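A.B. asks: In our numbering, the protein residues as written are 168 to 339.
Every residue, glycine too, gets a C-beta built ideally from N, C-alpha and C.
Note that the structure is a prediction, hence the values are computed from the model and not measured.
Please find one structure pasted underneath; my questions will follow.
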């Protein structure tokens, strides 16, 4: 079975050409879209639906850097152990605690400027983490990349908390 990169005829690398991905996705969808199979047999319709679903899943995976990195680690045989392995470097954990304290203070004070500052710090940390993951994947250090993906998952979850805090402040 083809992997997601092969499905879209893209090179197996972390950096993905978004235009090429979009174009390849539209091409695959154009060939397997269920509307093209209205007069087909039930079996052909089912196969077309499976291919369309697979193309959608592959596209969503490759479009999202976190999902793409996780997928590439799994392709290389590295299990991210997202449920069982939550160990992180001490500096990362300390940073998380500091940010959580800042978030708590910003929420309590309904301080949107503090939230903006925290959001900017988080965007920078996410950008740095993605760059590090890309380097690790390019160097075929998938174990390190897997830890980077787990860190990125923490950052994404914290980003949602910041967004929720913005929404709470705007409601009041």
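Could you tell me the alpha carbon to alpha carbon distance between residue 308 and residue 249, rounded to whole angstroms?
C.D. replies: Cα to Cα, residue 308 sits roughly 18 Å from residue 249.
A.B. asks: Check for me: the alpha helix (DSSP H) holding residue 331 runs from which residue to which?
C.D. replies: Looking at the DSSP string, the run of the alpha helix (DSSP H) that includes residue 331 is 309-338.
A.B. asks: According to DSSP, is residue 173 helix, strand or coil?
C.D. replies: Residue 173 falls in the helix class under three-state DSSP.
A.B. asks: Note down, in chain order, each residue of its chain lying with its Cβ closer than 7 Å to the Cβ of residue 240, except the 5 sequence neighbours on either side.
C.D. replies: Excluding residues within five positions, the ones whose Cβ falls inside 7 Å are 247, 309, 312, 313, 316.
A.B. asks: With H, G and I counted as helix, E and B as strand and the rest as coil, what does DSSP make of residue 203?
C.D. replies: Correct three-state label for residue 203: helix.
A.B. asks: Apart from the five residues just before and just after residue 218, which ones in its own chain have a Cβ nearer than 6 Å to its Cβ?
C.D. replies: Counting only Cβ-Cβ distances below 6 Å, and skipping sequence neighbours, we find 199.
A.B. asks: Locate the alpha helix (DSSP H) running through residue 236, then write down its first and last residues.
C.D. replies: Note, residue 236: alpha helix (DSSP H), 232-242.
A.B. asks: Would DSSP call residue 196 helix, strand or coil?
C.D. replies: Of the three classes helix, strand and coil, the one that applies to residue 196 here is helix, per DSSP.
A.B. asks: On the three-pair Cβ rule with 8 Å, is the segment 257-270 touching the segment 194-212?
C.D. replies: No, the segment 257-270 does not touch the segment 194-212.
A.B. asks: With a 10 Å radius around its C-beta and 16 neighbouring C-beta atoms as the bar for buried, classify residue 297 as buried or exposed.
C.D. replies: Result: buried.
A.B. asks: For residue 335, does the count of other Cβ atoms within 10 angstroms reach 16, so buried, or fall short, so exposed?
C.D. replies: Result: exposed.
A.B. asks: Quick check: what's the CA-CA separation for residue 301 versus residue 176?
C.D. replies: Answer to the nearest angstrom: the Cα atoms are 20 Å apart.
A.B. asks: Does the Cβ of residue 331 have 16 or more other Cβ atoms within 10 Å, making it buried, or fewer, making it exposed?
C.D. replies: Looking at its Cβ environment, which holds fewer than 16 other Cβ atoms inside 10 Å, residue 331 is exposed.
A.B. asks: Straight-line CA distance for residue 269 to residue 322?
C.D. replies: If I take the Cα positions, the gap works out to 15 Å.
A.B. asks: If you draw a straight line from the alpha carbon of residue 189 to that of residue 182, how long is it in whole angstroms?
C.D. replies: Each residue's alpha carbon lies about 14 Å from the other.
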